[in-house]
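Participant:
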Amino acid sequence: MVHHPERRKFKRLKLEVKVELQYYNPELGRSEIISDSKSKNISANGILVLSSKRFAVEEFILARFLLPSKKRFIMGLAKVVRVEVVEEGKQYEVGLVFVNFRKEDLDELNKFIESEAK
């Protein structure tokens with residue numbers, strides 16, 4: 001068996017924070033917010049969350065979260081790149097890649113991850 005080293009461009013940090021996910025619900029004709037989601041890990045270009053909603057891969061959603069000890073939210077557009085069933089109908093692991101976040105927010109996030117990973 002060949003072991004392949006981690007090929008991620010960004011460090012991942014195990015971190016549990018509340019994450020709000022906003023998406024467009026075509027059945028209702030409006031957007032909805034899922035506020036019971038929590039992160040499992042985070043990097044400077046994405047986040048893995050546990051959510052009660054099963055999203056579709058390639059779906060775009062708004063993600064909003066607060067880093068520990070920070071006073072303002074980091075938020076922006078994210079794209080669903082992976083969905084794994086934890087418990088059908090109840091909980092899903094949703095992998096998000098950050099698509100449109102402010103550069104200042106991503107820089108702050110990267111500094112936070114670097115300081116916590118030491």
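Residue numbers for the sequence shown follow this note's numbering, beginning at 1 and rising by one. Just so you know, even glycine gets a beta-carbon here, dropped at the ideal spot from N, CA and C. Model, not experiment: these values are computed from the prediction.
Helix or strand or just coil, what does DSSP make of Lys70?
Facilitator: Start at 1 with the first residue of the sequence shown, and residue 70 comes out as number 70. Three-state result, Lys70: coil.
Participant: Please report how far the alpha carbon of Arg72 lies from the alpha carbon of Leu66, in whole angstroms.
Facilitator: Position 72 of the sequence shown, counted from the first residue, corresponds to residue 72. Position 66 of the sequence shown, counted from the first residue, corresponds to residue 66. Going from the Cα of Arg72 to the Cα of Leu66 covers about 7 Å.
Participant: To the nearest whole angstrom, what separates the beta carbons of Phe55 and Ala78, a pair I think is in contact under 8 Å?
Facilitator: What you label residue 55 is simply residue 55 of the sequence shown in a count that begins at 1. What you label residue 78 is simply residue 78 of the sequence shown in a count that begins at 1. No, Phe55 and Ala78 are not in contact; Cβ-Cβ is about 10 Å, not under 8 Å.
Participant: Within the same chain, show all residues whose beta-carbon is closer than 6 Å to that of His3, passing over the 5 residues directly before and after it, in chain order.
Facilitator: In the sequence shown, counting from the first residue as 1, residue 3 sits at position 3. Its pLDDT being 45, under 50, His3 is placed unreliably by the model, and the measurement read from it follows with that caveat. Once the five neighbours on either side are set aside, His3 has no close Cβ partner at all.
Participant: State buried or exposed for Gly120, treating a residue as buried only when at least 16 other CB atoms are found within 10 Å of its CB.
Facilitator: The first residue shown for the chain is 1 and the last is 118, placing residue 120 beyond what the model contains.
Participant: In angstroms, rounded to a whole number, what distance separates the CA positions of Gly29 and Gln22?
Facilitator: Counting from 1 along the sequence shown, the entry for residue 29 is found at position 29. Counting from 1 along the sequence shown, the entry for residue 22 is found at position 22. When rounded, the distance between both Cα atoms is 13 Å.
Participant: Please classify Ala63: is it buried, with 16 or more other beta-carbons within 10 angstroms of its beta-carbon, or exposed?
Facilitator: The residue you call residue 63 lines up with position 63 of the sequence shown. It counts as buried.
Participant: So, helix, strand or coil for Lys103, using DSSP?
Facilitator: Position 103 of the sequence shown holds residue 103. Helix.
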